[in-house]
Amino acid sequence: MSGNRAGAVTEFQKTVLTEYLKDHSQLCSSKFSDSFTHKEAQNLWIRLSENLNSIPGGAKKGWKQWRRTWADLKRITKKKASDTKKKMRQTGGGEPPNEMTQNENVILELITPSSTYGHENIEETVVPFDFENNLNLMDINKPSTSSEINSLNIGNQEEHGYALSEPAETTSAINKTTTPLRGKRVTASRRHITALKLNQNLVNSIDEKKDIMANYYGNKIKFMQFRKVYCKRKLNLMKENNENQKKILTALRILLRNTRSN
């Protein structure tokens, strides 16, 4: 095929290119082995270029140029995602970041280790529980502890005629442990809110991925329908060409027979 470029790459061609690479993970990662050689990769690129070039209204390229187009798409998408994250971290307003297209999100999933956009190396969040705080809260809910201890001491003194020195220290220890509880409760509450926000972001990412997959299969169905129509037309043209060849062959035989008879 000629290496000259004819026309610009359409969004549909970009989608077909991306989904083809998604279905062929070895070709996408360029990891070669005994089971997947350079020759096999080249044959896949040639087959892909034929499909892309058959799409009406799009670019016509050789397989090496389409491979270069895929490299450009990855580079542009990665830069756009990086710029978007930087703008989202900025404060004080400014221009809103450009939203990633559905096809760009698919490309981003193929070239990054994390499939969740916006949260690198995210792990499933766990709601923290501070068991030490829970024990301290039990002490707070008993404001009569000090008075009960004092009344017990008075009763013991009256009945047995001796005084206990330990309750005063115990009361002081209780006060010391309950003093910082308010700060600890606020910290635990903030952690809980952060965990809820991360869970909500994860749910939103999953919903977004579902929308992307729905759009992908919709485009794939359209492409298969187009492919079906294209193959049917090609088959009809081949049949018509075959009939014309038969007619020409019949005419040549008649002409040859007449020439011999003369």
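Residue numbering for the sequence shown is 6 to 267, as defined by our numbering.
Idealized CB from N, CA, C, for every residue including glycine.
In this text the structure is predicted, and so the values were computed from the model without any measurement.
Query	Result
In angstroms with no decimal places, state the Cα-to-Cα distance between residue 70 and residue 57.	12 angstroms
Determine the direct distance from the alpha carbon of residue 20 to that of residue 62, and round the result to whole angstroms.	15 angstroms
Check each candidate in 27, 42, 113 and name the one with the smallest Cα separation from residue 53.	27
Compute the Euclidean distance between the alpha carbons of residue 17 and residue 257, then round it to the nearest angstrom.	47 angstroms
Mark residue 25 as exposed unless 16 or more other C-beta atoms lie within 10 angstroms of its C-beta, in which case mark it buried.	buried
Between which two residues does the alpha helix (DSSP H) harbouring residue 20 extend?	16–28
First and last residue of the alpha helix (DSSP H) that includes residue 44?	43–58
For residue 132, count neighbouring C-beta atoms within 10 Å of its own C-beta (all shown protein chains included) and say buried if the count is 16 or more, exposed if not.	With a pLDDT of only 40 at residue 132, under 50, the local geometry of the prediction cannot be trusted, and no value is derived from it.
For residue 110, report the span of its alpha helix (DSSP H) as first-last.	107–116
Determine the burial state of residue 205: buried for a count of at least 16 other Cβ atoms within 10 Å of its Cβ, exposed for fewer.	exposed
Classify residue 278: buried if its beta carbon has 16 or more other beta carbons within 10 angstroms, exposed otherwise.	Residue 278 is absent from the model: the chain starts at 6 and stops at 267.
Does the distance from the C-beta atom of residue 86 to that of residue 113 stay below 8 angstroms?	yes
Would you tell me roughly how many angstroms separate the C-alpha atoms of residue 220 and residue 252, rounded to the nearest one?	48 angstroms
Can you list, in chain order, the residues of its chain with a C-beta nearer than 7 angstroms to that of residue 13? Leave out the 5 residues immediately preceding and following it.	64
Can you say whether residue 109 is buried or exposed, counting buried as having 16 or more other CB atoms within 10 angstroms of its CB?	buried
Cβ atoms of residue 107 and residue 211: under 8 angstroms apart, would you say?	no
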